[in-house]
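Structure record follows, encoded as structure tokens.
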Amino acid sequence: MVQFAASAAGLAAFVSAEKLYRIGQLATAALGNSLQGWVSEFGADHKHRRKFSLMALTGLGLAGWLIMTLVGPWASAVLFGAALAADFWTCFWFGLSFLLVCVTTSTGAHWLVPAKRMRVVFSSTITGAVVGLPAMIILSGLMGGAGGALGLAIGEIAVTAIQLRAVLQLLQDKAPEDRTEEVPS
Numbered sequence: 006m007v008q009f010a011a012s013a014a015g016l017a018a019f020v021s022a023e024k025l026y027r028i029g030q031l032a033t034a035a036l037g038n039s040l041q042g043w044v045s046e047f048g049a050d051h052k053h054r055r056k057f058s059l060m061a062l063t064g065l066g067l068a069g070w071l072i073m074t075l076v077g078p079w080a081s082a083v084l085f086g087a088a089l090a091a092d093f094w095t096c097f098w099f100g101l102s103f104l105l106v107c108v109t110t111s112t113g114a115h116w117l118v119p120a121k122r123m124r125v126v127f128s129s130t131i132t133g134a135v136v137g138l139p140a141m142i143i144l145s146g147l148m149g150g151a152g153g154a155l156g157l158a159i160g161e162i163a164v165t166a167i168q169l170r171a172v173l174q175l176l177q178d179k180a181p182e183d184r185t186e187e188v189p190s
């Protein structure tokens with residue numbers, strides 16, 4: 006989408022930062038998947054495990070945002086050359102998106118799916134796409150690569166807001182999903 010709206014220089018910055026972002030997503034997937042079985046295990050400390058997953062993935066996301074913002078421009082220049090390097094703002098917005106994907110990895114897979122709230126996960130994803138794609142197109146036309154990355158972040162903000170709202174509702178409910186039963190699920 007960004008390639009149709011951004012200039013060549015803006016597109017180069019976007020693509021360079023996006024490659025670093027995708028590499029970082031491997032860490033998100035690894036941590037999220039490694040916690041999946043443990044969080045879903047039968048036991049009385051379900052809520053504690055979910056909270057730990059949210060804190061761990063949020064910590065990873067914050068570290069990734071900081072690294073992407075501070076090291077991303079330099080790393081992209083080293084890897085792809087100065088002409089194709091990502092700028093500070095493109096890296097900043099991709100870093101924010103990284104943080105938000107880390108958060109929703111926990112809220113979606115570790116909180117909402119085990120609580121059988123798959124519809125919330127689905128609708129948040131659709132909302133993120135409906136909001137994020139037009140934002141990427143419009144903002145990349147106005148701001149280049151940084152605008153495309155900001156549009157991605159706007160979509161992730163929508164997903165995160167919807168999922169966090171549902172998680173807060175789960176925390177307020179004294180629903181039976183946190184009760185220990187004799188038969189594992």
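For the sequence shown, the tail end lands on 190 under this note's numbering, and the numbers increase by one without skipping. In this text, a Cβ means the ideal position worked out from N, Cα and C, and glycines have one as well. A quick note: this is a predicted structure, and the numbers were derived from the prediction, not measured.
| query | If you check the beta carbons only, do ALA35 and GLY150 fall under 8 Å apart? | reply | no
| field | Exposure label - GLN174; buried when at least 16 CB within 10 Å | value | exposed
| request: Let me know the secondary structure DSSP gives ARG55 once reduced to three states. | output: helix
| request: Pull up the CB-CB distance for ALA91 and SER21, whole angstroms please, since I reckon it's below 8 Å. | output: 4 Å
| For the alpha helix (DSSP H) that ARG124 lies in, which residues bound it at each end? | 123 to 148
| task | Indicate whether the contact test is met: 3 or more Cβ pairs, each with one atom in the segment 111 to 123 and one in the segment 96 to 103, closer than 8 Å. | result | no
| message | Which of the three DSSP states is assigned to ALA17 in this structure? | response | helix
| task | Can you give me the start and stop residues for the alpha helix (DSSP H) that TRP98 sits inside? | result | 93 to 111
| Neighbour-count burial assignment, ILE197, 16 or more Cβ in a 10 Å radius | Residue 197 is absent from the model: the chain starts at 6 and stops at 190.
| task | Could you name the residues of the same chain whose beta carbon sits closer than 8 Å to that of LEU71, not counting the 5 residues immediately before and after it, in chain order? | result | GLY100
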